[in-house]
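Right, one structure below, let's go through it.
Numbering (the numbering used here), first residue to last: 1 to 318.
Written out as structure tokens, the structure reads:
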């Protein structure tokens, strides 16, 4: 058992599935649970996808909880068509996986997170790769966790590049800018892994062929899932030459911060109509101690090498 514990907060689509695999493949952390969110899919199908991926990878011991099903300022969630286009209608590239044997836990994801922070404290790492709704709700309910938790590394935002759903906003932040602002202006210390670095960290069919060549079920299924993702990127942005490893990069940085170069910043999230979802430096706190490390460059070759080592070894066993 590793001393470090990890919780993933996922809206489980394709790159979230890769994040699960990275966390399971990493030798220096124990994945103790997954919290479901909304975004790539609705919250319940996302939770089911997490269970399916865990079962595919031989880890039915890990519980999955459901978090909030919509943003902090709405009463429902409508999935964007672009999410279905990129991740498939089922969220995992239209690849069919067996119904999971394990059920979603009855306890709420927000309460699970609060309990885990109280139990593990500085040994706990949280990696949100969807909207910040669950984390904001947990901090609102139990404010002390903002300073008790050891590591929060989130995938979201864009500081030096445009957003991917509007000129200003990255998709995860855009789902609930008010919640993101509450988190980033709280006492919580976090690391932002945004489009500034994830769009530089790409996977191609060269790598997925290596998984096919393993001759295992997990290798074949993940190759099918990710090949769908790669084709979706060709359809949406054929300049990249592969699919971005958004969510698994956040897991990688949570475990090894040296993968990225960061700047220290106090941040604010705009939620006015014109620039909704923009992540930017807070000019009201320019001279105050900072609480966010913003990733602005990435050692993509070293990260991809580690990513392939972890996932290939995991797929070889399943």
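Quick reminder that beta carbons are idealized off the backbone N, C-alpha and C, glycines included.
Candidates the options: closest to residue i by CA position
| i | options | result |
| --- | --- | --- |
| residue 109 | 65, 181 and 250 | 65 |
| residue 81 | 276, 236 and 178 | 236 |
| residue 105 | 13, 155, 50 and 245 | 50 |
| residue 61 | 45, 86, 85 and 34 | 34 |
| residue 287 | 297, 267 and 181 | 267 |
| residue 307 | 10, 11, 12 and 19 | 19 |
| residue 78 | 124, 90 and 40 | 40 |
| residue 31 | 57, 177 and 86 | 57 |
| residue 25 | 6, 36, 42 and 289 | 6 |
| residue 244 | 173, 137, 212 and 193 | 193 |
| residue 297 | 255, 281, 318 and 261 | 261 |
| residue 315 | 99, 199, 2 and 219 | 219 |
| residue 63 | 186, 152, 112 and 275 | 112 |
| residue 152 | 163, 137, 174 and 126 | 126 |
| residue 95 | 170, 221 and 102 | 221 |
| residue 53 | 69, 38 and 92 | 92 |
| residue 121 | 147, 29, 89 and 97 | 147 |
| residue 171 | 294, 29, 47 and 276 | 276 |
| residue 74 | 175, 256 and 226 | 175 |
| residue 100 | 70, 139, 46 and 242 | 46 |
| residue 166 | 90, 137, 88 and 274 | 274 |
| residue 294 | 313, 305, 215 and 263 | 263 |
| residue 150 | 185, 254 and 317 | 254 |
| residue 114 | 97, 102 and 138 | 138 |
| residue 207 | 224, 198 and 199 | 224 |
| residue 339 | 70, 98, 185 and 42 | There is simply no residue 339 to check, as the chain begins at 1 and stops at 318 in what is shown. |
| residue 72 | 89, 38 and 318 | 38 |
| residue 42 | 213, 67, 215 and 123 | 67 |
Residues sharing a beta bridge with residue i, DSSP
| i | result |
| --- | --- |
| residue 244 | 202 |
| residue 128 | 9 |
| residue 265 | 292 |
| residue 153 | 191 |
| residue 108 | 66 |
| residue 31 | 6 |
| residue 183 | Partner(s): none; residue 183 has no beta bridge. |
| residue 36 | 10 and 66 |
| residue 260 | 298 |
Neighbourhood of residue i by C-beta, 7 Å cutoff - its chain only, sequence neighbours within 5 removed
| i | result |
| --- | --- |
| residue 303 | 201, 249, 252 and 259 |
| residue 107 | 65 |
| residue 281 | 265, 266 and 267 |
| residue 299 | 259 |
| residue 310 | 22, 25 and 26 |
| residue 169 | 163, 276, 277 and 278 |
| residue 157 | 170, 173, 192, 194 and 279 |
DSSP state of residue i mapped onto helix, strand, coil
| i | result |
| --- | --- |
| residue 293 | strand |
| residue 279 | strand |
| residue 91 | coil |
| residue 58 | coil |
| residue 41 | coil |
| residue 78 | coil |
| residue 103 | coil |
| residue 308 | helix |
| residue 273 | coil |
| residue 97 | coil |
| residue 286 | coil |
| residue 317 | coil |
| residue 71 | coil |
| residue 16 | helix |
| residue 216 | coil |
Close beta carbons around residue i, own chain, < 6 Å, minus the five adjacent residues each side
| i | result |
| --- | --- |
| residue 247 | 15, 16, 19, 129 and 155 |
| residue 189 | 291 |
| residue 44 | none |
| residue 86 | 232 |
| residue 135 | 128 and 183 |
| residue 161 | 195 and 196 |
| residue 83 | 40 |
| residue 187 | 146 and 147 |
| residue 103 | none |
| residue 226 | 208 |
Any C-beta of chain B under 9 Å from that of residue i
| i | result |
| --- | --- |
| residue 191 | Here there is only one protein chain, and chain B is not present. |
beta-carbon residue i near the ligand HEM non-hydrogen atom, thresh 8 Å
| i | result |
| --- | --- |
| residue 186 | The ligand content of the structure shown is nil, which means the ligand HEM is not present either. |
Neighbourhood of residue i by C-beta, 8 Å cutoff - its chain only, sequence neighbours within 5 removed
| i | result |
| --- | --- |
| residue 59 | 24 and 31 |
| residue 29 | 2, 4, 5, 6, 23, 125 and 255 |
Contact between the stretch 131–143 and the stretch 216–233 (3+ Cβ pairs under 8 Å): No contact exists between the stretch 131–143 and the stretch 216–233.
Meets three-Cβ-pair contact criterion under 8 Å: the stretch 115–134 and the stretch 3–13: Three or more pairs of CB atoms, one per stretch, sit closer than 8 Å, so the stretch 115–134 contacts the stretch 3–13.
Three-pair Cβ contact test at 8 Å for the stretch 261–281 versus the stretch 171–183: The stretch 261–281 vs the stretch 171–183: in contact.
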